[in-house]
Every structure is written in C-alpha cells, then in structure tokens.
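Going left to right, the sequence shown walks through residues 1 to 306 as full-length UniProt numbering numbers them.
Here a beta-carbon is modelled for each residue, glycine too, at the ideal position from N, C-alpha and C.
Down below is the structure, laid out as structure tokens.
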Amino acid sequence: MAVARLAAVAAWVPYRSWGWAAAPVGPHRGLGALLALIPQRAPRWLPACRQKTSLSFLNRPDLPNLAYKKLKGKSPGIIFIPGYLSYMNGTKALAIEEFCKSLGHACIRFDYSGVGSSDGNSEESTLGKWRKDVLSIIDDLADGPQILVGSSLGGWLMLHAAIARPEKVVALIGVATAADSLVTKFNQLPVELKKEVEMKGVWSMPSKYSEEGVYNVQYSFIKEAEHHCLLHSPIPVNCPIRLLHGMKDDIVPWHTSMQVADRVLSTDVDVILRKHSDHQMKEKADIQLLVYTIDDLIDKLSTIVN
C-alpha cells in the first residue's frame, strides 16, 4: 500500500522534468526521505486544481448552514480548516484536495459560517462559532479518523478540535499556525489605540493580504477569542503534529509555532521553518512541502494501524 501511494506521489509530481534522481523509498520512509526529493528551486509545475467535487450544504438546526465540498476516499481523511475570513477555494485547499484525489483518500474543505458560500453574517462571527463549525464538519461529515490541516487561524481551531475530538483527530498539520494571534496582536497595541477600537467596535488591522489593505476585525470577535487562548497553559493534544511556518511571515511570527510545539503534550512534534516563505505559504515549493507532510503522516498512521 505504501509503495502504491509513493507511485501516486511520483505521478503527481513529475520529478524527471526537474532533474531529480529517483530515490528508492521503503514503506517506513520518514519526512526527511521525502524532503530529500524536493528540488532546491521551486518547481515550475503543480497539478491543475480543478473543482470536480460538487458544492453541498450541511444543514444544522439553529445554526447557519455550512457550504462544503467532500471527496470520498480512504482513511484517514483530510479536513482543511481555512484562515481568518478565507474561503474553501484557496490555493492550499484545492492543492490538498487534488493530492488526496491522487492518493484515493477522503478530503473535506468548507467555508465558515458567515464566510464564502455558507450562511450567516461575518460581522456576527466569533472564534467560538467557528469552533462549532469545525466540530460540525468532523461530527456530521467526516468518516473515520481525520488529519486536520489548519491554515493561520485555522491552526488555532485545529488545536481546539483535537482537544474536543481526540478519538477522531489522529494528526495535525499547522501552516503558519496563529494560536492566540489576534488577541496577542491586539494586546500589543498602544493603550490609546485599544480604547479607540473599543469605542468604534472595529479594529482596522493593516494587511497586505486584503484587497482593501486592512482586515476589519470586530472588537467583539477579539474579546470572545480571549476565552479560547491556549498558549498560557499546557495544550492537551497527544497526536502527531507538524507545524510549517515561513520565517518571512509578517502576520504571525514563526516563534508562535515554536510556542505551540512547546505547549502541546504530544512528543511527536516537528516544526519545519522555511527561510524565505511568507504568511500565506502558497508558493509551489510550500505546497510541495505541505502535501509531502500529509503523505508522510498517512504513511505513519497506516504503519501504526498495521
């Protein structure tokens, strides 16, 4: 099975066009062996991420309906948890789905309530509500064990999901994990600015990743998020964890991933820093690293089961 999966990886990434040497990798390969295959420069090609899965809605009594796309396949399944106000159609989400398709593994991507195609009002969103969204996806849509891939704020939420559903969440991959980040950044503001935000009810947080140049974060979102901070005490997560972070990240410092690694109870934790990557980590080499990390965890979990 591991050999078949490696063949799928090789087919997904045309190494010969980059001048790679074909390295024999056994069924108990580690991430190091896979990373040895990554070229020094970013590859010129990634698979075309075509949206073949149909849009569906998870109906929830008394809660907004969630838009999602589900790819059926083998276990463990992969669930992608987006960043702050990010959609399910981002580069990483689509690449992960395409990769899972090549491996024959299940994959789910979704929009938070109030975001994208899901019902709800973004101005009424809170971290607690989005936490419920993630748990709804795990409880009502996911079959069997799951690997959660959390991007930015999604990395914060994946930790909460692993705490709440330890029997179903078997591994975590954080990409620029933003645990406690909004609260931390707000608390670092000058007192006068914090008072101004409290009066206005909104924080216009500068960001080069927003079309408007700022993210208008509701003050209520920040205050509610304070109840979900994790870095002040040990984090009761024991599954394998991989934390990928760009050292050029000007939104969430890479030290945050180091803090998460230090706080989680799991002893199977790797932090992988990319020297020239930014917060989004969506360049071709970044995506390569991400999908190889997913493949390595699938192999690790399959070995444990067998």
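Could you tell me the distance, in whole angstroms, from the CA atom of residue i to the CA atom of residue j?
{"i": "Lys-223", "j": "Val-271", "result": "29 angstroms"}
{"i": "Gly-128", "j": "Ser-113", "result": "11 angstroms"}
{"i": "Ser-207", "j": "Thr-303", "result": "42 angstroms"}
{"i": "Ser-117", "j": "Asp-180", "result": "26 angstroms"}
{"i": "Pro-145", "j": "Leu-301", "result": "10 angstroms"}
{"i": "Leu-66", "j": "Asn-187", "result": "32 angstroms"}
{"i": "Ala-171", "j": "Ile-147", "result": "5 angstroms"}
{"i": "Asp-140", "j": "Met-158", "result": "16 angstroms"}
{"i": "Ile-251", "j": "His-279", "result": "6 angstroms"}
{"i": "Ser-210", "j": "Leu-63", "result": "28 angstroms"}
{"i": "Val-169", "j": "Thr-53", "result": "23 angstroms"}
{"i": "Pro-234", "j": "Ser-257", "result": "14 angstroms"}
{"i": "Glu-123", "j": "Tyr-87", "result": "16 angstroms"}
{"i": "Gln-259", "j": "Val-175", "result": "14 angstroms"}
{"i": "Ala-95", "j": "Ser-204", "result": "31 angstroms"}
{"i": "Glu-238", "j": "Ala-178", "result": "The residue you asked about is not Glu; residue 238 is Asn in the sequence shown. For Asn-238 and Ala-178, the distance between alpha carbons rounds to 19 angstroms."}
{"i": "Glu-226", "j": "Arg-131", "result": "14 angstroms"}
{"i": "Lys-74", "j": "His-232", "result": "37 angstroms"}
{"i": "Leu-297", "j": "Val-217", "result": "35 angstroms"}
{"i": "His-105", "j": "His-255", "result": "32 angstroms"}
{"i": "Val-191", "j": "Glu-212", "result": "25 angstroms"}
{"i": "His-160", "j": "Glu-198", "result": "27 angstroms"}
{"i": "Ala-164", "j": "Val-291", "result": "25 angstroms"}
{"i": "Glu-196", "j": "Phe-80", "result": "35 angstroms"}
{"i": "Glu-283", "j": "Gly-90", "result": "12 angstroms"}
{"i": "Leu-189", "j": "Val-115", "result": "27 angstroms"}
{"i": "Val-214", "j": "Leu-273", "result": "27 angstroms"}
{"i": "Pro-253", "j": "Asp-299", "result": "30 angstroms"}
{"i": "Ser-277", "j": "Ile-108", "result": "26 angstroms"}
Rounded to whole angstroms, how far is the Cβ of residue i from the Cβ of residue j, which I believe are closer than 8 angstroms?
{"i": "Leu-244", "j": "Leu-182", "result": "Not confirmed; about 20 angstroms, so no contact."}
{"i": "Leu-58", "j": "Ser-136", "result": "6 angstroms"}
{"i": "Gly-201", "j": "Tyr-219", "result": "5 angstroms"}
{"i": "residue 307", "j": "Ser-151", "result": "In the structure as shown, the chain begins at 1 and stops at 306. Residue 307 is therefore absent and cannot be evaluated."}
Which residue from the options puts its Cα closest to that of residue i?
{"i": "Val-269", "options": "Val-191, Ile-173, Met-88 and Leu-231", "result": "Ile-173"}
{"i": "Lys-275", "options": "Arg-263, Lys-248, Asn-121 and Ser-266", "result": "Lys-248"}
{"i": "Ala-162", "options": "Glu-226, Glu-211, Ser-125 and Ile-138", "result": "Ile-138"}
{"i": "Asp-295", "options": "Leu-71, Ile-78 and Pro-61", "result": "Ile-78"}
{"i": "Ser-221", "options": "Cys-100, Lys-74, Ile-298 and Leu-153", "result": "The amino acid occupying residue 221 in the given sequence is Phe; Ser does not appear at that position. Minimum Cα distance to Phe-221 is reached at Leu-153."}
{"i": "Arg-60", "options": "Gly-120, Cys-100 and Ser-151", "result": "Gly-120"}
{"i": "Leu-110", "options": "Glu-196, Val-214, Val-149 and Leu-273", "result": "The sequence as given places Phe at residue 110; Leu does not occur at that position. Nearest option by C-alpha distance: Val-149."}
{"i": "Asp-262", "options": "Pro-236, Ile-287 and Ser-277", "result": "Pro-236"}
{"i": "Val-264", "options": "Val-214, Arg-242, Leu-273 and Lys-282", "result": "Arg-242"}
{"i": "Glu-167", "options": "Ala-142, Thr-184 and Lys-185", "result": "Ala-142"}
{"i": "Cys-229", "options": "Lys-185, Pro-190, Val-197 and Tyr-215", "result": "Lys-185"}
Does residue i pass the burial test, meaning 16 or more other C-beta atoms within 10 Å, or should it be called exposed?
{"i": "Pro-82", "result": "buried"}
{"i": "residue 308", "result": "Here the chain has residues from 1 to 306 only, and residue 308 is not among them."}
{"i": "Lys-69", "result": "buried"}
{"i": "Thr-126", "result": "buried"}
{"i": "Thr-267", "result": "exposed"}
{"i": "Gly-155", "result": "buried"}
{"i": "Arg-29", "result": "Model confidence at Arg-29 stands at a pLDDT of 46, short of 50, so the residue's coordinates are unreliable; what they give is reported in the following sentence. Looking at its Cβ environment, which holds 16 or more other Cβ atoms inside 10 Å, Arg-29 is buried."}
{"i": "Lys-72", "result": "exposed"}
{"i": "Ala-22", "result": "Unreliable positioning characterises Ala-22 in this predicted model, as indicated by a pLDDT of 30, which lies under 50. A coordinate reading is not provided."}
{"i": "Asp-286", "result": "buried"}
{"i": "Glu-98", "result": "buried"}
{"i": "Leu-193", "result": "exposed"}
{"i": "Pro-240", "result": "buried"}
{"i": "Met-281", "result": "buried"}
{"i": "Leu-46", "result": "At Leu-46, the pLDDT of 46 sits below 50, so the modelled position is not reliable; the number obtained from the coordinates is stated separately. Burial call: buried."}
{"i": "Leu-103", "result": "buried"}
Problem - Contained alpha helix (DSSP H) runs [length at least 4] in the segment 177-219, N- to C-terminal order - result: With a minimum length of 4 residues, the continuous alpha helix (DSSP H) runs that stay inside the segment 177-219 are 181-187 and 191-200.
Practice task
Within the segment 87-126, note down every full alpha helix (DSSP H) run reaching 4 residues or more, in order along the chain.
Solution key: You should have 91-103.
Exercise for the section: Taking only runs that begin and end inside the segment 212-300, name each unbroken alpha helix (DSSP H) of 4 or more residues, in chain order. Expected result: Within the segment 212-300, the complete alpha helix (DSSP H) runs of at least 4 residues are 219-225 and 255-263.
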